[in-house]
Amino acid sequence: MSPMFQIDFGRPVRSRVVGIDLGTTNSLVAYMDLTSPKVIPDPGGSLIVPSVVSLSGAGELVAGNEGRQMLLTDPERTVYSVKRLMGKGAADVQDELQLFPFHIASASDAVIQIELGDRTFTPPEISAQILRQLKSNAEAYFGERVTQAVITVPAYFNDAQRQATKDAGRIAGLEVLRLVNEPTAAALAYGLDKRKEGVVAVYDLGGGTFDISILKLHQGIFEVLATNGDTHLGGDDIDNLLLRIALEDTATEWGEDLSTNHEAIQLLRRAVIEAKEQLSTVPVTSIRLEYHGKKYERELTRELFEQLITPIVDRTLAPCRNCIHDAGLNVEQIDEVVLVGGSTRIPLVRQAVEKLFRAKPHTELNPEQVVALGAAVQAAILAGDVTDKLLLDVTPLSLGIETMGGVVSKLIHRNSTIPASATEVFTTAVEGQRNVLIHVVQGERELARDCRSLARFDLKDIDPMPAGMARIEVRFLIDANGILNVTARDIRTGKEQSMEVKPSYGLTDEQVEAMIRESIDLAEEDFKARQVREAQVEADTILAAVERARDNEAWLELDDEERSRIERAVNELLMAYHADDHLLIRAQIDKLNTVTMKLAENMMNTAVRSALKGTKI
Amino acid sequence: MEACWQCGHPQHESLFCQFCNSLQRPTPDYYRFLGLERKLSLDSKDLQNRFYNLSRLLHPDRYLRRTPKERQYSLEATAILNDAYRVLRDHVLRAEYVLKEEGFNIGEQRSENVPPELLEEVFELNLALEELRGGDSSARPQLCEAYARFVAMQDEADNRLSELFRRYDTTGDREALAEVRGVLNRRKYIRNLVSEVEKELAASAA
Ligand SMILES: [Zn+2]
Chain A
68 MSPMFQIDFG RPVRSRVVGI DLGTTNSLVA YMDLTSPKVI PDPGGSLIVP SVVSLSGAGE
128 LVAGNEGRQM LLTDPERTVY SVKRLMGKGA ADVQDELQLF PFHIASASDA VIQIELGDRT
188 FTPPEISAQI LRQLKSNAEA YFGERVTQAV ITVPAYFNDA QRQATKDAGR IAGLEVLRLV
248 NEPTAAALAY GLDKRKEGVV AVYDLGGGTF DISILKLHQG IFEVLATNGD THLGGDDIDN
308 LLLRIALEDT ATEWGEDLST NHEAIQLLRR AVIEAKEQLS TVPVTSIRLE YHGKKYEREL
368 TRELFEQLIT PIVDRTLAPC RNCIHDAGLN VEQIDEVVLV GGSTRIPLVR QAVEKLFRAK
428 PHTELNPEQV VALGAAVQAA ILAGDVTDKL LLDVTPLSLG IETMGGVVSK LIHRNSTIPA
488 SATEVFTTAV EGQRNVLIHV VQGERELARD CRSLARFDLK DIDPMPAGMA RIEVRFLIDA
548 NGILNVTARD IRTGKEQSME VKPSYGLTDE QVEAMIRESI DLAEEDFKAR QVREAQVEAD
608 TILAAVERAR DNEAWLELDD EERSRIERAV NELLMAYHAD DHLLIRAQID KLNTVTMKLA
668 ENMMNTAVRS ALKGTKI
Chain B
10 MEACWQCGHP QHESLFCQFC NSLQRPTPDY YRFLGLERKL SLDSKDLQNR FYNLSRLLHP
70 DRYLRRTPKE RQYSLEATAI LNDAYRVLRD HVLRAEYVLK EEGFNIGEQR SENVPPELLE
130 EVFELNLALE ELRGGDSSAR PQLCEAYARF VAMQDEADNR LSELFRRYDT TGDREALAEV
190 RGVLNRRKYI RNLVSEVEKE LAASAA
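So the sequences go chain by chain: A and B. Converting from the first sequence to the numbering used here requires adding 67 to each position, the first position being numbered 1. Converting from the second sequence to the numbering used here requires adding 9 to each position, the first position being numbered 1.
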């Protein structure tokens, strides 16, 4: 097209920023349409990508519905709820690993290594596969590359969990422009700022995490006053509770322990989830399983279900009360409550929220989509397309350093608006000391060993001098993603102080870089495989045509040498067919094309002759 | 006086260059950053408005498509803004900040250093706390009474602080600041007692 006809919008073409809800159970990708956020469907029209990743027989990671399917056929090569493992060490997750069909490698330490087949993957790599699926859905939808995203995380995620999420994005080939807290994103999606002023509580009970956030709205500014939560509480816990009951039942009724039978467990898990979901609308249902000719059925009333899950629902209430207190408010000062997450469909959860906040909660938006929709709004804010809204979020956990006797000295308190910073001056304790080690932790407890170790910073190459003379200023800055950045400066010289960072959990930068390179190699391999397949399809077409031609009278019109040239070319193409080299296949196709030129001509003539024969002149 | 990093024009401590409008390196001084005089008494409504308006201008969300330098300045400026708002809206943190900027040493108030006039009362209180922790709930009424008394003392300290704030703001008198430091230490001590009693009463009620 000539440039004359191109429309100039007066600004450079920018890549699209999408919003992603990377959930424990399901993930979604959304974008900002002209006026409102919309969830992007996959090519099959489905809005939800199950957060399940499996290693196929061909050694490829597959995510989404395909992964979910393999959870039944290949449970030991399939990972679900990987979000629960993000930013964790092996020791943190011993309990829940018992319920997972996959295994983790014994060498796992600072980063969990998940064993699938004969390969191992870290949680960020598994999450990256889900992100790749979402990215490719968005690219298919727009017909253009998508390279920038906003990804949501539970508000109560710590530094390591946030960093792991960001790493997953990088591995998937996405520049993560911002991590946004899920409840805050939900508030944004509800467009509650239309009422201009007020205080809103967002209660977010998802598959694996619980968050409560309290926000103040003021002329388009969403100011989070306080947040609280539990990164280990969600719908999964309800499923596991019902699953244990069903396993006990089948053990007594069938005399068979299914708890080590991964295939049966996955079928049973589907059955309890179905029953759970039904109880949100009907008063009684059953958990049903048919397995190798055996039948199991247990009636489950909503009443019993509610008794069973009351302890889980109650566990959300203390964080809510603490959050109201931390926001410096009384419950009467909260104007509205928003429900987020699939588990808030449960009537008992709604009742508990209504009772605690003394307000009827908002449920207009689909609780499974609202976070992704909010992420899309934030994406539009970052892209500069939405200018009348601004999020001011907080850090969920206090940041401190370990001091004498293992006591924590808090530098940045929880619920501080981010970005937030603190500066400390460090010195040496003995003459000639060259290094100072700073242990940074996150959490509310007094002792460092009761908090979450975040990283150790080693201030190196300090000029030798008498004790207490060195003065090194260290600046701790939590950015708008809730991730810590540390810089250090020698006050005497004004120069940047060199230091080494050893994160306690998570991948080093080098490891992430290596994974990105590997994934680019993989993408290259995928591309090559596709080219080979395309060449093979073409070869199939021409080989079939040659076979059909053997019955044609034109074949008989060829001389022996012409026929044997064709036979030779056919054989060579068949040999090249499985060589994994699309160029070789194409070369042989060209050759076969050349030697069958005469044949094709003959066939054309035959066709013309027979057409003439059948036509009366 | 610094020059604009972008166009080189001299700057007068403003957030943005008056000529090319690019974001400048932010000052770390909380008062100067917010465009306020260094006063101990502040209008909280005015402070909040400044915070919201500056957030709209400076937040990193608004600088994603800008140069790396402006993005860095936006991050630093917003961190200072948030830190400043957190400190200046709280009268105790604000007074501590001003004391530090004026060269006063405000070390940690140690719990051993009981203000002498409170010695007897604190002794009684600790006994009652011990009894309550030991499961003797007969100490409850006495503690509730003591609690009310300490809360009143805290209010009294706050009133005294307001007076001293006004005196310093009008006269710039450093003696007033020295007195502020004394009241702050006393208040901090009382505050710790109040929260300890609060905690014990809540625990024994549960
Ligand atoms: Zn300038």
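Built from N, CA and C at the ideal position, the CB exists for glycine as well.
At a threshold of 7 Å, does residue i count as lining ligand 1 (C-beta to nearest heavy atom)?
{"i": "B:His21", "result": "no"}
{"i": "B:Ser171", "result": "no"}
{"i": "B:Ser83", "result": "no"}
{"i": "A:Gln200", "result": "no"}
{"i": "A:Ser476", "result": "no"}
{"i": "B:His18", "result": "yes"}
{"i": "A:Cys390", "result": "no"}
{"i": "A:Phe167", "result": "no"}
{"i": "B:Cys26", "result": "yes"}
{"i": "B:Gln15", "result": "yes"}
{"i": "A:Cys387", "result": "no"}
{"i": "B:Ser31", "result": "yes"}
Once DSSP output is grouped into helix, strand and coil, what is the label at residue i?
{"i": "A:Glu330", "result": "helix"}
{"i": "A:Tyr363", "result": "strand"}
{"i": "A:Phe209", "result": "helix"}
{"i": "A:Arg538", "result": "coil"}
{"i": "A:Ala97", "result": "strand"}
{"i": "A:Arg523", "result": "strand"}
{"i": "A:Val84", "result": "strand"}
{"i": "B:Leu45", "result": "coil"}
{"i": "B:Gln118", "result": "Residue confidence is low: B:Gln118 scores 49 on pLDDT, short of 50, so the model does not pin down where it sits. Its coordinate-derived value is still stated next. B:Gln118: coil per DSSP, three-state reduction."}
{"i": "A:Val178", "result": "coil"}
{"i": "A:Met566", "result": "strand"}
{"i": "B:Ala93", "result": "helix"}
{"i": "A:Glu323", "result": "coil"}
{"i": "A:Asp234", "result": "helix"}
{"i": "A:Arg186", "result": "strand"}
{"i": "A:Leu241", "result": "coil"}
Is the CB of residue i under 8 Å away from at least one CB in chain B?
{"i": "A:Asp546", "result": "yes"}
{"i": "A:Ile539", "result": "no"}
{"i": "A:Ser82", "result": "no"}
{"i": "A:Ala606", "result": "no"}
{"i": "A:Ser687", "result": "Here chain A covers residues 68 to 684 and nothing more, so residue 687 of chain A does not appear."}
{"i": "A:Thr219", "result": "no"}
{"i": "A:Thr688", "result": "Outside the shown range of chain A, which is 68 to 684, sits residue 688 of chain A, and nothing can be said about it."}
{"i": "A:Gly134", "result": "no"}
{"i": "A:Pro70", "result": "With a pLDDT of 31 at A:Pro70, under the threshold of 50, the predicted position of this residue should be treated as unreliable, and no value is reported."}
{"i": "A:Gly451", "result": "yes"}
{"i": "A:Ile288", "result": "yes"}
Can you tell me whether residue i is buried or exposed? The criterion is at least 16 other CB atoms within 10 Å of its CB, across all chains shown.
{"i": "A:Ile401", "result": "buried"}
{"i": "B:Cys26", "result": "buried"}
{"i": "A:Arg22", "result": "Because chain A spans 68 through 684 in this model, residue 22 of chain A falls outside it and cannot be assessed."}
{"i": "B:His68", "result": "buried"}
{"i": "B:Asn168", "result": "exposed"}
{"i": "B:Arg196", "result": "buried"}
{"i": "B:Pro19", "result": "exposed"}
{"i": "A:Gln215", "result": "buried"}
{"i": "A:Lys595", "result": "exposed"}
{"i": "B:Pro125", "result": "exposed"}
{"i": "A:Asn225", "result": "buried"}
{"i": "A:Gly154", "result": "buried"}
{"i": "A:Asp303", "result": "buried"}
{"i": "A:Met71", "result": "Note on A:Met71: pLDDT 32, under 50, position unreliable in the model; no value is reported."}
{"i": "B:Asp92", "result": "buried"}
Between residue i and chain A, is there a C-beta pair that is closer than 8 Å?
{"i": "B:Ser204", "result": "no"}
{"i": "B:Gln118", "result": "Bear in mind that a pLDDT of 49 at B:Gln118, under 50, signals an unreliable position, so the number given afterwards is only what the model happens to contain. So no, B:Gln118 is outside the interface."}
{"i": "B:Tyr61", "result": "yes"}
{"i": "B:Ala88", "result": "yes"}
{"i": "B:Arg74", "result": "yes"}
**Asked** Enumerated in chain order, which unbroken segments of the alpha helix (DSSP H) with a length of 4 residues or greater are wholly contained in the region 333-408 of chain A?
**Response** 369-381 and 384-393
**Request:** Kindly provide the ranges of any beta strand (DSSP E) runs that are 3 or more residues long and lie completely inside the region 96-133 of chain A, ordered along the chain.
**Result:** 104-106, 119-122 and 128-130
**Message:** List, from N- to C-terminal side, the alpha helix (DSSP H) runs of 4 residues or more that fit wholly inside the region 410-441 of chain A.
**Reply:** 414-424
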